[in-house]
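Asks: My questions all concern the structure below.
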Amino acid sequence: MAEAKVPPYPTQQTESNDNKPKEKPLLTRRDFFVRSNAGAVAVGMMTGTGFAASLIQAPPKPAAAPKPTAVPPPIKTRKVTLDIDGKKYDCNVDVRESLWETMNYQLGLSNCNQGCDRAECGACAVLVDGKAVNACTLLTARYGRGQKIVTVAGISKGPGPQGLHPLQRAFWLDGGFQCGICTRGFIMSAYALLQTNNNPTTAEIKEAVSGNICRCGEYPKIITAVKKAAAELRGEKVTYAAPLPLVTLVAATSQAAPPANAVSKQFEFATALGTIEQFDDLSLELKEKPGIVGLSGSERTITVSWDPGQLDEGKVRQILSESGHPVK
Ligand code: FES
Ligand code: FES
Numbered sequence: 493m494a495e496a497k498v499p500p501y502p503t504q505q506t507e508s509n510d511n512k513p514k515e516k517p518l519l520t521r522r523d524f525f526v527r528s529n530a531g532a533v534a535v536g537m538m539t540g541t542g543f544a545a546s547l548i549q550a551p552p553k554p555a556a557a558p559k560p561t562a563v564p565p566p567i568k569t570r571k572v573t574l575d576i577d578g579k580k581y582d583c584n585v586d587v588r589e590s591l592w593e594t595m596n597y598q599l600g601l602s603n604c605n606q607g608c609d610r611a612e613c614g615a616c617a618v619l620v621d622g623k624a625v626n627a628c629t630l631l632t633a634r635y636g637r638g639q640k641i642v643t644v645a646g647i648s649k650g651p652g653p654q655g656l657h658p659l660q661r662a663f664w665l666d667g668g669f670q671c672g673i674c675t676r677g678f679i680m681s682a683y684a685l686l687q688t689n690n691n692p693t694t695a696e697i698k699e700a701v702s703g704n705i706c707r708c709g710e711y712p713k714i715i716t717a718v719k720k721a722a723a724e725l726r727g728e729k730v731t732y733a734a735p736l737p738l739v740t741l742v743a744a745t746s747q748a749a750p751p752a753n754a755v756s757k758q759f760e761f762a763t764a765l766g767t768i769e770q771f772d773d774l775s776l777e778l779k780e781k782p783g784i785v786g787l788s789g790s791e792r793t794i795t796v797s798w799d800p801g802q803l804d805e806g807k808v809r810q811i812l813s814e815s816g817h818p819v820k
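Numbering-wise (the working numbering), the sequence shown opens with residue 493 and increments by one.
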């Protein structure tokens with residue numbers, strides 16, 4: 493059978509800030525749902541009318557005239573002035589349009605990523621009046637009354653790597669990303685946290701980014717990056733695993749070098765961990781314990797290095813046990 497020719501998907505072009513036109517589908521997923529809903533309502537009304545008519549058993553009528561075809565409701569628009577990263581943008585927006593859509597399709601601002609478009613992944617997170625929110629599910633029409641919107645592009649202080657916000661630099665240099673889809677959202681959620689807490693614990697960081705998902709599973713490095721950024725913001729000096737090739741950062745170490753007489757021992761977990769990611773989490777927790785100067789291991793074993801001036805093997809075993817992972 494000959495193949496039917498499928499016409500190309502219709503698109504329209506919009507201008508972007510960097511002069512690269514973006515393509516927006518003429519029929520978006522949002523439009524599709526709106527139109528489907530209108531159709532469903534029309535079908536429901538027509539069905540209900542027929543049911544009621546059958547109950548009162550009206551006398552037979554001549555053939556009914558064809559029902560008028562349901563038409564989608566008129567699209568309403570609203571004028572708003574958005575304050576994004578300190579700059580004002582006058583726009584005329586569809587009242588059903590999300591902030592992410594306005595920023596990308598109207599303003600050409602690709603400052604946040606879209607992952608799920610349904611408030612599940614946090615990739616699109618921006619700050620509105622200091623709170624991290626999902627731009628994919630905010631209606632732009634509600635944001636023209638002076639609210640301050642901040643994106644990842646608005647937190648850097650100047651050009652080049654030196655101008656990056658400490659969070660951006662820490663994510664980059666500590667490798668808190670792989671594909672990068674989630675990174676802007678994580679940075680904005682962490683940024684909101686650091687505005688009110690410059691020395692967050694692991695638990696507080698996890699809570700702050702609990703609305704963000706990283707499909708690449710870079711959680712341990714993300715948490716480390718947030719801690720290093722917090723340390724830098726407190727005025728401490730930090731080092732990164734990866735060198736910064738283009739600039740020389742003022743860098744030292746925030747962790748004391750292990751003492752020359754540090755003791756190391758490998759232990760076997762009484763119950764093996766479920767995944768290696770669990771080991772990463774445990775490792776982050778144990779590194780905060782005074783006296784522990786090094787850790788490595790796997791799902792089955794853990795090698796702990798400690799300062800004998802502060803700990804001995806019994807205390808190390810006790811720390812492991814209190815963390816929920818006793819060793820043999
Ligand atoms: S794209 Fe907005 S939460 Fe996933
Ligand atoms: S780095 Fe790929 S989803 Fe997080």
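Cβ atoms here follow ideal geometry from the backbone N, Cα and C, with glycine treated the same way.
(1) Between LEU787, GLY672, LEU778, which lies nearest to CYS616 when the distance is taken from Cα to Cα?
(2) Figure out for me which residue from ASN596, GLN802, ASN691 has the closest Cα to the Cα of GLU728.
(3) Check whether the stretch 601 to 613 and the stretch 554 to 565 touch, using three or more Cβ-Cβ pairs below 8 angstroms as the test.
(4) Is ASN626 close to ligand 1? I mean its beta-carbon at under 6 angstroms from any heavy atom of the ligand.
(5) Starting from CYS583, follow its DSSP beta bridges and name the residues at the other end.
(6) Go ahead and pull the three-state DSSP assignment for SER746.
(7) Anything with a beta carbon under 5 angstroms from a heavy atom of ligand 2 counts; list them all in chain order.
(8) Taking the beta carbon of SER590 as the centre, do at least 16 other beta carbons fall within 10 Å, making it buried, or is it exposed?
(9) If I measure Cβ to Cβ from GLY789 and keep anything under 7 angstroms in the same chain, skipping five residues before and after, which residues do I get?
(10) At 4 residues or longer, what runs of the alpha helix (DSSP H) sit wholly inside the stretch 697 to 739?
(11) Output the residue ranges of the beta strand (DSSP E) runs that lie fully inside the stretch 653 to 686 and measure 3 residues or longer, sorted by chain position.
(12) Please confirm whether any heavy atom of ligand 1 lies closer than 6 angstroms to the CB of CYS604.
(13) Since SER681 and GLY709 are thought to touch, with beta carbons under 8 angstroms apart, how far apart are those beta carbons, to the nearest angstrom?
(14) Starting from VAL808 and walking both ways along the alpha helix (DSSP H), at which residues does that stretch end?
(15) Could you please give me the residues that DSSP links to THR793 through a beta bridge?
(16) For the candidate residues GLY600, LEU599, TRP592, ASP586, whose alpha-carbon lies nearest to that of ARG610?
Replies: Let me lay it out:
(1) Along the sequence shown, one-based indexing puts residue 616 at 124. Closest option to CYS616, Cα to Cα, is GLY672.
(2) Indexing the sequence shown from 1 puts residue 728 at position 236. Closest by alpha carbon: ASN691.
(3) no
(4) Position 134 of the sequence shown holds residue 626. Answer for ASN626: yes, Cβ within range of ligand 1.
(5) As a working note, residue 583 is residue 91 in the sequence shown. Paired residues: VAL572.
(6) As a first step, residue 746 must be located in the sequence shown, where it is residue number 254. Note that SER746 scores 42 on pLDDT, short of 50, meaning its location in the model is unreliable and no value can be drawn from it.
(7) PHE669, GLN670, CYS671, ILE673, CYS674, CYS706, ARG707, CYS708
(8) Numbered from its first residue, the sequence shown carries residue 590 at position 98. With 16 or more other Cβ atoms within 10 Å, it is buried.
(9) The residue given as residue 789 occupies position 297 in the sequence shown. These residues qualify, in order along the chain: PHE771, THR795.
(10) 711 to 725
(11) none
(12) As a working mapping, residue 604 is identified with position 112 in the sequence shown. CYS604 Cβ: outside cutoff for every heavy atom of ligand 1.
(13) Numbered from 1 along the sequence shown, position 189 holds the residue referred to as residue 681. Numbered from 1 along the sequence shown, position 217 holds the residue referred to as residue 709. About 17 angstroms separates the two Cβ atoms, so there is no contact after all.
(14) Locating residue 808 in the sequence shown gives position 316, counting from the first residue. Residues 805 to 814.
(15) Locating residue 793 in the sequence shown gives position 301, where the first residue counts as 1. Bridge partners of THR793: GLU760.
(16) Here residue 610 corresponds to residue number 118 of the sequence shown, with the count starting at 1. Looking at the Cα atoms, TRP592 is the closest of the given residues.
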